[in-house]
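**Q** Counting with numbering that gives the first Met the number 0, you get residues 0 to 67 for the letters of the sequence shown.
The structure is given below, and queries will be raised subsequently.
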Amino acid sequence: MGDPFYSQVGKYTVKVTVPGTYQIASTGKEVEAIKEQDGSLSYSTTIENVRDFTMVIMDDPTKSYRIK
0 MGDPFYSQVG KYTVKVTVPG TYQIASTGKE VEAIKEQDGS LSYSTTIENV
50 RDFTMVIMDD PTKSYRIK
């Protein structure tokens, strides 16, 4: 047993700046969050030994959607 395909893994270090009211969720571990002078937030996240990286940027994480 194992994976049905082969691909290499990597280390991701991602930095993103979003409006101050936004939140993020990602594959990685948050390393740093800095509140900028203009009110925005700069996040730095990193993760090792993964095949891909995903990040979601949310303006209202309490909303829920139903797709028909």
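Where a beta carbon is used, it is the ideal one built from N, C-alpha and C, also for glycine.
Skipping 5 residues on each side, what residues in its chain have a beta carbon closer than 6 Å to that of G19?
**A** Answer for G19: G38, S39, L40, listed in chain order.
**Q** Measure from the alpha carbon of T12 to the alpha carbon of each residue in T53, D2, S6, I33, then state which is nearest.
**A** Checking every option, the nearest Cα to that of T12 belongs to T53.
**Q** Less than 7 Å between C-beta atoms, sequence neighbours within five positions excluded: which residues of the same chain meet that for T44?
**A** Taken in chain order, the residues that qualify are V13, S25, G27, K28, E29, V30.
**Q** If you count every other CB in all the chains shown that lies within 10 Å of the CB of Y42, and 16 or more means buried, which is it?
**A** Looking at its Cβ environment, which holds 16 or more other Cβ atoms inside 10 Å, Y42 is buried.
**Q** Less than 7 Å between C-beta atoms, sequence neighbours within five positions excluded: which residues of the same chain meet that for R50?
**A** Within the same chain, R50 has close Cβ partners S6, V8.
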